[in-house]
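The next block holds one structure in the form of structure tokens; read it before the comments.
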Amino acid sequence: NAGVMQNPRHLVRRRGQEARLRCSPMKGHSHVYWYRQLPEEGLKFMVYLQKENIIDESGMPKERFSAEFPKEGPSILRIQQVVRGDSAAYFCASSYDDRGSNQPQHFGDGTRLSIL
Amino acid sequence: GQQVMQIPQYQHVQEGEDFTTYCNSSTTLSNIQWYKQRPGGHPVFLIQLVKSGEVKKQKRLTFQFGEAKKNSSLHITATQTTDVGTYFCARWDSNYQLIWGAGTKLIIKP
């Protein structure tokens, strides 16, 4: 299956710990997007990356959050010193072309992050 | 970017009844995309509309894009239990971000 792969599916952390969320895009896709979803709400854009480049991180909090998409390996969304408010579902999406082409986005199953 | 307003937030229907969700914008939309998210699942792309007045059908689903390109709707005829989920509209804004509506949750009454 060449779909978008996210892991882990569920992640539990205590306040102050670090959370690392991984995303492997669909085969042939080099554009990755991270979204956050709170219960009963729509998705909120966080960051858009291409290989080795952050294109737009305007939706990501400036502190504690970081993202990367290295030349080799999956994209990583990293949350340091997690707080209860970070509890949410984090979805990764990928597309073949850049978002200026208004391409549909293909989503992974998400990581449900719970902070104790 | 400008938000897209999606209504209603929830719709309870009997199985076999129709369902409609509406998406509205105060500004002209270059395009609109629709996604479905099953409970506990991830959003799945359904369709993209780009032309003024466009109407597209997928089996029991009918998608419309308004003549002024400021609104869109998704109509499901004769709902089935497999239709349960949340339906989102989303638009690309001038900063090339995909802006999502809050979604309409389709609930089938027992």
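One line per chain: the protein sequences are A and B, in this order. Residue 38 in my numbering sits at position 38 of the first sequence, with consecutive numbering throughout. Residue 88 in my numbering sits at position 88 of the second sequence, with consecutive numbering throughout. Using N, Cα and C, we set each Cβ at its ideal position, and we do this for glycine too.
Check, Outcome
"Would you check if the segment 45 to 52 of chain B and the segment 11 to 24 of chain B touch, i.e. whether three or more CB-CB distances between them fall below 8 Å?", "no"
"Note down, in chain order, all residues in the segment 45 to 59 of chain A with a beta-carbon under 9 Å from any beta-carbon belonging to chain B.", "45, 48, 55, 56, 58 and 59"
"Is the distance from the Cβ of residue 88/A to the Cβ of residue 37/A below 9 Å?", "yes"
"Whose C-alpha, out of 91/A, 112/A, 42/A and 85/A, is nearest the C-alpha of residue 119/A?", "Only positions 1 to 116 of chain A appear in the structure, and residue 119/A is not among them; the question remains open."
"Do three or more CB pairs link the segment 15 to 31 of chain A to the segment 67 to 80 of chain A at distances below 8 Å?", "yes"
"Nearest-angstrom Cα distance between residue 7/B and residue 80/B?", "21 Å"
"If contact means a Cβ-Cβ distance below 9 Å, which residues of the segment 94 to 105 of chain B contact chain A?", "95, 96, 97, 98, 99, 100, 101, 102, 103 and 105"
"Would you report the Cα separation of residue 112/B and residue 60/B, rounded to the nearest angstrom?", "No answer is possible for residue 112/B: the residues shown for chain B start at 1 and end at 110."
"I'd like to check one pair, residue 95/B with residue 97/A: are the Cβ atoms closer than 9 Å?", "no"
"Opposite residue 90/A in the DSSP bridges: which residues?", "36/A and 111/A"
"Which stretch, first to last residue, makes up the beta strand (DSSP E) that contains residue 70/B?", "Run containing residue 70/B: none; DSSP gives neither H nor E here."
"Report the neighbours of residue 42/B on chain A: residues whose CB is nearer than 7 Å to its CB, in chain order.", "91, 107, 108, 109 and 110"
"Could you pull the start and end residues of the beta strand (DSSP E) that residue 24/B belongs to?", "19 to 24"
"On a Cα-Cα basis, can you pick out the residue from 10/B, 12/B and 32/B that is closest to residue 71/B?", "32/B"
"Evaluate residue 87/B with the Cβ neighbour count: other Cβ atoms within 10 Å of its Cβ, from every protein chain shown; 16 or more gives buried, anything less gives exposed.", "buried"
"List the residues of chain A that residue 33/B touches, going by C-beta distances under 7 Å, in chain order.", "104"
"For chain A, check one thing: does any of its Cβ atoms lie closer than 9 Å to the Cβ of residue 58/B?", "no"
"From the beta carbon of residue 11/B, is the nearest beta carbon of chain A less than 9 Å away?", "no"
"Which of the three DSSP states, helix, strand or coil, is assigned to residue 9/A?", "coil"
"Note down, in chain order, every chain A residue with its Cβ under 7 Å from the Cβ of residue 19/B.", "None at all; the shortest Cβ gap to chain A is about 18 Å."
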